[in-house]
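What follows is a single structure, written as C-alpha cells, with notes after it.
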Amino acid sequence: MAVTSIVLQSTKDFKNQNVLALGYRLLNPRTGAGTRSMHGIESTYPNTIVNIFKTTIWAELHRCIGDALLLHLLMDTITLILLKNSCFLQVTGPVIASVLNTNKNVQKCGRIFSFMRMYMTVYVSALDAPHNEMAEESSDGIKTSGAKTIASQSRELKSVLSLEVPKTLILYSASFPKRAGSRLPHVFNSIGKGGRAAAWLMNTVLYSPKYRLSCIAPPDKAQPLLKKHSRVKPQLQPLCRILKKLLCKHSKLPYGLLLQRHCPLAHSKQSPVHKTGAEDKSAHKASGPSHPPAVRRPSEAPQLFSCRKRRRGQVIEPLAGGDLKGRSGDTGTRDQAFDRSSLELRVSVSSVAAFLRSVLRRLIPRELWGCEENERAFFRSVKLFLKLRRYERFLVRHAMYNFKITKCAWLFDGRSSQDKSASSNAKDRHVSSQELIVKTTRAAKVVGFLFSEIVIPLIRSNFYVTETEATRNRLAFFRKPDWFAIKKEYFPSLTRHIYRLITRTEAKKILAKRSVGPARLRLLPRGGRKGVRPIVNMGRRYPLTVTSNSGKKIQKPSSNSALSRPFSVLSAEKQLNPQILGSSVLGQNDIFTRYLTLVRSFDSIKHDKLLEVACSLFSEDEYMLRRYIQTPCGNRPKFSTQAVPSTRYSQFVSDAREFSEFKRNCIFTDLVEYHYCSRDEVLSALRDHVKENIVKLGPSYLMQTQGIPQGSVLSSLLCCCIYGHLENNRLVRIPSMHRRFLQGDLKRNELSSKKLHDSSQGGKGGKADVALMMRVVDDFLYISSEVQHARAFLRAMACGHADYGVELNLDKSKVNYDVRVSVRLDYSRYRDQHLRDATTVAFEGRPGLKMREKTIGSVKSKGFLFAAMKQKAYSDALAAIHVQNVSFLASTVEAVISAAFSHIMSLPSSPVIRDAGMTIDLSRKEIFWLGYRAYLASFKRCKVSPELVQDVRRKFDQLVQSSFEDPTQLRWLERIAKDANTEDFHRMWV
C-alpha cells in the first residue's frame, strides 16, 4: 500500500521521483492488468529495492510507528543503508544525485557524510526550501513586495561576481573566414554606432533577466530589439554616452595594424616596415604574394573596411574589429620545411598583453575607468587572464580586483559625469551600503562585458591558443597564419601513415549510415624538433545535424557515448576472464616501469587482426546492462553501467556490497534501468568504430586506415586485449609468474616476498627461476633470475610481429644484467620542467584549503619532495591575488605530513599488500622526520618566507632532540633521504 501511494505521488513530480517508484508507472489499459498487489500500477523493470521492505524488521517497524509515520519515512526522507568503507545504499526518497544537482549542494554532501555515520536517515527538506525574492522581511521587519531588498541585491551581486569568464572560447579556434571583407558575427558590427544602439547595448548588459558572460545577441536578432530598448534612465545617461563613444571608436580602429605591430608573424622573412602614402602603395604592388604588406603608423592607418577579392595564395586573417583584411605574403614560407621548433613560432604573453592594452586604450573611453588606477587594475586582470593555465577558472570577482567603484563618476547619477566638482571630490563621496551594492553590481556587469565582448573576441579571432606537450598546462599563443603554416607542414605526414584523405561527399555518405558524427582532431605542439602530436576528441558531440524520418533535424551523439555499451561489456569480460589482458597492469598501485617500448603501439595495429582478436573476447551471447549512480563525498554524481551475463540476475543490494569493497565514501542508487545487448551488436559497433573512424581537421575529412582509434573510451582496453592475445600466443614459452597466477597454477598467498626468496634459493627441488612479466598498455617489464630467459624474451620481441603490426622501439628499450634493483619515485618526466606549468590553481572559493587538498593528493602519489615543491608552486600562483599567510602554510606542512602518515599506515590493510605478506616498518616519528627533511631540502632550492623556514626547522630540531637517541637510526634515515634526493629532483623547478 505504501509503495502504491509513493508511485502515485511520483507520477505528479517526475523531477523528484522516489527511489521506490523507479521501474513502476501507472497502468496503461492497453498493455495489461498490472502488478499483483499493486492495483492500477504496472512494472517496466524489476525494482529489487522494494524487496528490502518485505523483511521482518520493516514489518516490525510498521507495527510500532503506524501507517502515517512509515509513509512519511518512505516519501519525505532519504534512508540509507550502511555498507563497507563508509559507503551507503539509498533505499527511499528522491534520488540524492538529483537533489544535490538541483539545489547546488554538492559541497554539502561532505558535511552530510559526517552525520550519516551516526544516523541512518537524512532529512533533505531544508535543501528543497525555496527562496522567495519578491516578498521578504527586511531588517526592520517590514515586508517588501516587488522591490529588491538589501538581501536580494546582495545575492545578485554575489551571483554576478561568481560568474566565470568563458576562457574556453579562446581555445583551439583556428577557423579562417571564407572570403575577405565579410563581417564577424559580433554584436558591435550588428547594431551600428548611434545613440539607440548604445542604449540597447547598455540595457542588455545591465538588465538582462539572466545575466551571463557570452555573446549578447546574434546579428539577425539584434536589429529588431533596438526600438524596444531605446529609453534610458537619467542615472544611466553617462554610461550610455560612454558606450556610444566606444561604438564610434570601434568603427575607426585599425585592429590589423596594431596586431602586426605588437605581434608580427613569426615565419615572415621581413619585419614590418613603416612607410607612407605612395611608397606604401607602390611597395604593396611590387611585393607580390611573397612579401607582407607594409604597415603604416597608427596616425596614417587606413580604414580596414575594404572588400577586395581574395587573390590566389592569399590568406584571410580575421580582425577583431568585425572586418577582415586579406594579407598577401603569409604563404611565403609555408611550403618550405621548418628548420626550427614549432614553439619558436608562438607569441609571448607579454606581446599579446601589449596588443590588448593598445587596443583597449584606443577603444574604451577614459571616462569609463574614472581614474588611471582602475585602468591599470583592469590591465593587470587582463594579463592575469592570459597567464592562466589550461584548467584554471577566472571569475568576474578576479577582474574586479583593486577596482575602485567610488572613482567612477558615471556610476553616481547623471549629473556626476558632467559635474567636475563631483569627480574631483571622489575621495569624499559617501554612499549607503545598499547604494554601494547596486553600484558594485552595475560595475561588475560592465567589467564582465568588457571581458566577454572585447578581450575574448580579440584573442579568439587573432590567435590560436593551445597547451603544449613541453609546457604542459601553460597556454601558448600562435598567430593564426603561423599556426596554419604548422598544420600545413604536418598534414602530409598525417595522411601518409595513419589517415587517408577523403572527400566531403564520401564522408557524408559514410556518416549518414552511422549513428555518430565525426570526431574532432587537433594538433598539440611537442617542442624541440618533435613537431606536433595529433589529439582526437571523441567525447564531444560534433555539431552535425541530420534529418530524421519525421523531418526533424537531430544532432548525432559523440563516439564515446555511442560506445558506452561495448565498453561496459568489455569491462565485464575483463572481470570474468582476466587472462585476455595478459600481463597488463591497470592501476597505479601496481609496480611498473618502462623496460621495452614498442614503436607507435596504437597507430601500428592492423585492423583485421584487431577485429579477429575482438571476436574471441566475448564468452556470452547476450549481456544485461544495469544503470546506477555513484555519488562520491563532495563530488558530482557519476552515472555508471554494470554489464553482466543475461543469465545472471542478482539483487542490487548484493551488487552494492561488492562495489563498496573498492570504493570509499560513496552513495549507490539503483536507477532501475535494464537494457540487453547481444554479442553481434557489440561486434558491429566495434567494426564500425575501427573500420570507419572519420575525424575532421579544419575543413578536411580523414579516415583512419590502421591503428586503434585514439581518444575513445575503448582505446586503452583494446590495446591491452590485443597485446594480451600476443602474449598468450607468441610469448607462451617465456616463463612468468603473472601468467601462472592467471591460469590458477599459482595462488595469491604464494606471491609473498619470503616464498619468492625461498624459491629463488632452490627450496626442495633445487634452484628455481623467478620470472615476472608486467605491461602497462605497450610498455613491457620482464624480470628474471635466469639470463637465458631474459634473452629469449628479448629475441621474441626484437624480431617483431608483422601480422599484429608490433615492432620494438630499440631507442627506448633497456636491458640490464647483474644490477641492484631499487624502487624509487620517478621524477624524470619533470626534468627541466616548471611545476607551475603542471599546476591547476583554484582562485575561487577557499583557495587555501584547496591547495592543502591538492598537496595531500600529491604526497600520496609522488612523495614528500614533490609535494613540497608543488605546494610552493601553488602558493606562488595564489600570491597574484591573495596575500600569503605564513601560519596557514606552516599548518599545511603539518597536515600534509600527518595525511602521509595515515596513508602509509593504511596500506597494509589493502588486499594486495596483505595477501603478498608485506609489512611496513616505519614509526610516526620516522615519517615526520622524512617529511620535515624533504620540506627543508625543497626550501633550499626556492625562495621561501624566512618565518616558514624557521618554523619547520624548529619543529624538525625538536623532533630530533626528543625522539632520536640512537645515532644508527638517524644514519639510516639520512641514507633514505639521500637516496630519494636524485638528480631529476635537482633539475625540477618551481
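For what it's worth, full-length UniProt numbering labels the leading residue of the sequence shown as 1, then goes sequentially. Cβ atoms here follow ideal geometry from the backbone N, Cα and C, with glycine treated the same way. Just so we're clear, the structure is a prediction, and the values are computed from it rather than from any experiment.
The region 187 to 198 makes no contact with the region 498 to 510, as fewer than three CB pairs between them are under 8 Å. For E506, the number of other beta carbons within 10 angstroms of its own is below 16, and it is reported as exposed. The Cβ-Cβ distance between P481 and L825 does not fall below 8 Å. With a threshold of 16 other beta carbon atoms within 10 Å, S887 falls short and is exposed. Check the Cα spacing between V859 and each of A899, I881, V841 and G848: the tightest is with A899. As computed with DSSP, A877 is found in no beta bridge at all.
The region 926 to 937 makes contact with the region 950 to 960, as at least three CB pairs between them are under 8 Å. One alpha carbon belongs to D778, the other to T919, and they sit about 31 Å apart. Secondary structure note for F88: its beta strand (DSSP E) is the uninterrupted segment F88 to Q90.
With 16 or more other Cβ atoms from the protein chains shown falling within 10 Å of its own Cβ, H689 counts as buried.
The continuous beta strand (DSSP E) containing M624 extends over residues E622 to P632. Judged by their CB atoms, A802 and R730 are not nearer to each other than the 8 Å cut-off. Under DSSP, the beta-bridge partners assigned to N18 are P94. If you check the CB distance, L617 and I580 come in under 8 Å. Here the C-alpha atom of I897 lies approximately 13 Å from the C-alpha atom of K854. Taking 8 Å as the cut-off, the beta carbon of Y45 is found no closer than this to the beta carbon of G66. Judged by their CB atoms, F964 and V949 are not nearer to each other than the 8 Å cut-off. Minimum Cα-Cα distance from P847 among the listed residues L686, P365, H882 and E807 corresponds to H882. By DSSP's assignment, K696 forms a beta bridge with R520 and Y701. The three-state reading of DSSP puts E469 in coil, since its state is none of H, G, I, E or B. Taking 8 Å as the cut-off, the beta carbon of S452 is found closer than this to the beta carbon of V165.
Within the DSSP bridge table, the entry for N537 names R520 as partners. If you ignore the 5 residues before and after R397, its C-beta comes within less than 6 Å of the C-beta of L161, all in its own chain and listed in chain order. Between L163 and G448, the C-beta spacing is below 8 Å. Residue environment analysis places W972 among the exposed positions, since fewer than 16 neighbouring C-beta atoms fall within 10 angstroms of its C-beta. Per DSSP, E807 lies in no beta strand (DSSP E) and is assigned neither H nor E.
With fewer than 16 other CB atoms across the displayed protein chains lying within 10 angstroms of its CB, I57 is exposed.
By the criterion of at least three beta-carbon pairs nearer than 8 Å, the region 646 to 665 is not in contact with the region 461 to 477. Across the structure, E620 and R679 are spaced so that their CA atoms are roughly 7 Å apart. Taking C-alpha positions only, V232 is separated from V359 by approximately 28 Å. Between G711 and A519, the CB-CB gap stays under 8 Å. Take R522, set aside five residues on each side of it, and the residues of its chain with a beta-carbon closer than 6 Å to its own are Y172 and I535, in chain order. In the three-state reduction of the DSSP assignment, Y674 falls in the strand class, which pools E and B. By DSSP's assignment, P525 forms a beta bridge with V532. In this structure the region 235 to 255 touches the region 196 to 208; the number of beta carbon pairs closer than 8 Å is three or more. The continuous stretches of beta strand (DSSP E) do not include K480, which lies in the alpha helix (DSSP H) extending over residues K480 to H497.
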